[in-house]
Amino acid sequence: MNPIESGMINRRRILGDAWVDKSLSEANALTAEFQMLITRRAWDEVWGRNHAGAIDDKTRRMLVLAMTLGMGRYEEFGMHVKSALSSTNDTALTIDTIKEIVFQGAVYCGVPAANTAMHVIADVLKSQNAMPPALHVVRSGEVSSSKSTVVLSHALGFNCSMWDGIIPELAKQFNVIAYDHRGQGGSEKSATDFSIDALVDDAAAVIIREVFAKGGGPVHFVGLSMGGMVAQALAARYPHLVKSIVVANSAMRYDDAAQALWRGRIETVKTKGMSAIIDLATTRWFTPEFRAANPSVIERVTAILLANEPTAYARSCAAISTIDFRRSNASIQSPALVIAGEKDVSTVPALSADIAASIKGAKLVSIDAAHVSVVERPSEFLEHCLPFFVRPV
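Per this note's numbering: the sequence shown ends with 430, consecutive numbering throughout.
Printed below as a string of C-alpha cells:
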C-alpha cells in the first residue's frame with residue numbers, strides 16, 4: 038500500500054467519508070497537489086505512526102482539539118468535534134471528554150477561547166440533534182435573594198407530581214422548583230444513552246438557569262431514589278450550587294447482584310414494555326396498607342409509569358445502575374439529611390445508612406413507609422425536612 042492509499046484510509050477513519058469526500062470534490066488545479074501533500078504527510082506519516090511509544094489515535098484526536106482551540110482555528114475545531122462524536126470506531130470521544138479538553142483550554146488558552154469553543158460544540162450538537170434535552174420545570178413562587186429555594190428531583194419513572202403532597206407547605210416558606218428528569222414526565226427524551234453525570238448536569242443547569250440567573254441560590258436540593266443519587270453527585274461535583282441536600286430512599290452504589298437485576302429490568306422493558314413492570318413497581322413503592330387505602334393514588338402512579346417511553350426508561354435505568362459514590366461522597370461538605378423508608382424493599386434502610394456514613398456529619402432518619410415515602414407519608418417527610426432547612430448553621 039502506498040502512502041497516499043494508507044493516508045486516505047486514516048483520513049477517512051478519523052474525519053469520516055462525508056467530510057473527506059467534500060474536501061476531495063472541491064479539489065482544483067490550485068489545491069490538488071496540496072490535497073495529496075496533506076494526505077501523505079499528515080495522514081500517513083503522522084496519523085499512521087504506530088511504532089513503540091507512538092500515541093494512539095484517540096489521544097491524537099484530543100491533542101488536535103486542544104491545539105485548534107488554542108490557535109483559535111474554530112472551523113477546524115468544529116470539524117474535529119463533529120468527527121470525534123460521530124465516529125463509530127475506537128477513536129470516538131464522548132461529549133464529556135471534549136468538555137474536559139475545553140475546561141483545560143480555559144486555563145491555558147483563556148476563557149474567551151474556551152467560551153467560543155463551547156458555542157462551536159453547541160452548534161455541532163444542534164446539527165446532530167444531540168443537544169441536551171429540554172426539561173420540564175414547575176415553579177412555586179418567585180426566586181429572589183431574600184428567600185431560599187428548594188429544588189425537588191423525583192424518582193425513576195415518576196415525574197414532578199410526585200412532590201404534590203409537600204409543595205404547598207414548602208411554598209409557604211421557600212421558593213420551590215420541581216423538574217422532570219430527561220425522558221420522563223414532560224421533559225424531552227435523550228437521543229442517546231447517558232450517564233448519571235448527565236443527570237447531574239441537568240440538575241445543575243436547572244439551578245443555574247432558574248435560581249442563580251434570577252439572583253437566588255444556593256439551594257436546598259431534595260432527591261428521592263434516582264433523585265437522591267443526583268443529589269449526592271450534585272453536592273460532590275457542584276458544591277457551590279447547594280446549601281444542603283436531602284437524600285431519600287436512595288443508594289450510593291449497587292453491587293454485582295443488584296446490577297444484574299437492573300440489566301434484567303432493562304431487558305424486560307425493552308422487550309415487553311412498561312406494562313411488564315407495573316405490578317412489581319407499585320408493590321415495591323408502597324406498603325400493602327397504603328395501596329389498599331389509596332386506590333386512586335395507585336391508579337395515578339400506574340398511569341405515570343405507563344406513560345414512560347420504554348427506551349427512555351431503559352436509558353435511565355442504565356445511567357443509575359452502575360453508580361458508585363463511595364469516594365465522591367467523602368468530599369461532600371454540604372449538610373445532608375438522609376431519609377430511609379423502614380419498609381422500603383427497593384432501597385433498603387441499610388443502603389440509606391451507608392449513604393449517611395459516607396457523608397461527613399450527615400443525619401439519618403427513618404419514615405414508616407416503603408420506597409416512595411414522600412407520597413405515602415408527606416407530613417412526616419416534611420417534619421424532617423423543614424427543621425433541617427432552617428436549622429442554625
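Quick reminder that beta carbons are idealized off the backbone N, C-alpha and C, glycines included.
Problem set entry | Contact belief for M289 with I392 at Cβ below 8 Å, rounded distance in angstroms | As a working note, residue 289 is residue 252 in the sequence shown. As a working note, residue 392 is residue 355 in the sequence shown. Cβ-Cβ separation between M289 and I392: approximately 5 Å, consistent with a contact (criterion under 8 Å).
For this session: Name the residue from G53, E417 and G310 whose alpha carbon lies nearest to the alpha carbon of S123.
Result: By 1-based counting over the sequence shown, the position of residue 123 is 86. Of the listed residues, the one whose Cα sits closest to S123 is G53.
Exercise. Q72 to A79, Cα distance in whole Å?
Worked result: Your numbering for residue 72 matches position 35 in the sequence shown. Your numbering for residue 79 matches position 42 in the sequence shown. Cα-Cα distance, rounded: 10 Å.
Exercise. Between L61 and the rest of its own chain, which residues show a CB-CB distance below 7 Å, the 5 nearest in sequence each way excluded?
Worked result: For the purposes of this step, residue 61 is taken as residue 24 along the sequence shown, with counting starting at 1. Excluding positions up to five away in sequence, the list reads Q72.
Exercise. Using 8 Å as the threshold, is the stretch 79 to 95 in touch with the stretch 39 to 47, meaning 3 or more CB pairs across them?
Worked result: The stretch 79 to 95 is in contact with the stretch 39 to 47.
Exercise. If you draw a straight line from the C-alpha of K380 to the C-alpha of L271, how long is it?
Worked result: As a position in the sequence shown, residue 380 is number 343, starting the count at 1. As a position in the sequence shown, residue 271 is number 234, starting the count at 1. Taking the straight line from one Cα to the other gives about 27 Å.
For this session: Report back the beta-carbon spacing between V409 and A192 to the nearest angstrom; my notes put them in contact at under 8 Å.
Result: Position 372 of the sequence shown, counted from the start, is the residue given in the question as residue 409. Position 155 of the sequence shown, counted from the start, is the residue given in the question as residue 192. Indeed, because the Cβ distance is near 6 Å, the residues count as touching under 8 Å.
Exercise. Since P415 and I203 are thought to touch, with beta carbons under 8 Å apart, how far apart are those beta carbons, to the nearest angstrom?
Worked result: As a first step, residue 415 must be located in the sequence shown, where it is residue number 378. As a first step, residue 203 must be located in the sequence shown, where it is residue number 166. Yes, they are in contact, since the Cβ atoms of P415 and I203 sit about 5 Å apart, within 8 Å.
For this session: Taking 8 Å as the threshold, find out whether the stretch 365 to 377 comes into contact with the stretch 339 to 353 through three or more Cβ pairs.
Result: no
Exercise. If you compare alpha carbons, which of V237, L278 and A241 is closest to V256?
Worked result: If you number the sequence shown from 1, residue 256 lands on position 219. V256 has its Cα closest to that of L278, out of V237, L278 and A241.
Exercise. Which two residues bound the contiguous alpha helix (DSSP H) that contains S383?
Worked result: What you label residue 383 is simply residue 346 of the sequence shown in a count that begins at 1. Looking at the DSSP string, S383 is not in any alpha helix (DSSP H), and its letter there is neither H nor E.
Problem set entry | Residue environment, T229, which counts as buried when at least 16 other CB atoms sit within 10 Å | Taking the first residue of the sequence shown as 1, we reach residue 229 at position 192. Result: exposed.
Exercise. Could you give the distance in angstroms between the alpha-carbon of G254 and the alpha-carbon of A344?
Worked result: Locating residue 254 in the sequence shown gives position 217, where the first residue counts as 1. Locating residue 344 in the sequence shown gives position 307, where the first residue counts as 1. Rounded to the nearest angstrom, the two C-alpha atoms are 33 Å apart.
Exercise. Over what stretch of residues does the beta strand (DSSP E) that includes G378 continue unbroken?
Worked result: Locating residue 378 in the sequence shown gives position 341, counting from the first residue. Membership of G378 in the beta strand (DSSP E) is indicated by the continuous run A373 to G378.
Exercise. Where does K209 fall in DSSP's three states?
Worked result: On the sequence shown, position 172 is the one that residue 209 refers to. Correct three-state label for K209: coil.
Problem set entry | Pick from T68, L388 and T76 that is closest to I51, judged by C-alpha positions | Reading the sequence shown from its first residue, position 14 is the one you call residue 51. Measuring from the Cα of I51, the nearest candidate turns out to be T76.
For this session: Assign R98 to buried or exposed, taking buried as 16 or more other Cβ atoms, counted over all protein chains shown, within 10 Å of its Cβ.
Result: Within the sequence shown, numbered from 1, the residue matching residue 98 stands at position 61. With 16 or more other Cβ atoms within 10 Å, it is buried.
For this session: Using three-state DSSP, classify V256 as helix, strand or coil.
Result: In the sequence shown, counting from the first residue as 1, residue 256 sits at position 219. V256: strand per DSSP, three-state reduction.
Problem set entry | Residue of A399, V175 and S312 minimising C-alpha distance to N196 | What you label residue 196 is simply residue 159 of the sequence shown in a count that begins at 1. Selected option, being the one with the closest Cα: V175.
For this session: Evaluate A318 with the Cβ neighbour count: other Cβ atoms within 10 Å of its Cβ, from every protein chain shown; 16 or more gives buried, anything less gives exposed.
Result: Translated into the one-based positions of the sequence shown, residue 318 becomes position 281. A318 comes out buried.
Exercise. To the nearest angstrom, how far is it from the Cα of Q221 to the Cα of P347?
Worked result: Along the sequence shown, read from residue 1 onward, the residue named residue 221 stands at position 184. Along the sequence shown, read from residue 1 onward, the residue named residue 347 stands at position 310. Going from the Cα of Q221 to the Cα of P347 covers about 10 Å.
Problem set entry | Neighbourhood of I314 by C-beta, 8 Å cutoff - its chain only, sequence neighbours within 5 removed | The residue you call residue 314 lines up with position 277 of the sequence shown. Around I314: R302, T305, V306 and L342.
For this session: Please check the pair I376 and H421, which I expect to be a contact at CB under 8 Å, by giving their CB distance rounded to whole angstroms.
Result: Here residue 376 corresponds to residue number 339 of the sequence shown, with the count starting at 1. Here residue 421 corresponds to residue number 384 of the sequence shown, with the count starting at 1. At roughly 6 Å, the Cβ-Cβ gap stays under 8 Å, so I376 and H421 are in contact.
Exercise. Is any beta-carbon of chain D found at less than 8 Å from that of V161?
Worked result: Considering every chain present, this structure includes no chain D. It has just one protein chain.
Problem set entry | Coil, strand or helix - V284 by DSSP | As a first step, residue 284 is located in the sequence shown; it is residue number 247 there, counting from the start. In the structure shown, V284 sits in a strand (DSSP, three-state: E or B).
Exercise. Which whole-angstrom value is the C-beta distance of L401 and A390, which I expect to be below 8 Å?
Worked result: Here residue 401 refers to the residue found at position 364 of the sequence shown. Here residue 390 refers to the residue found at position 353 of the sequence shown. Right, the Cβ-Cβ distance comes to about 6 Å (below 8 Å), so this counts as a contact.
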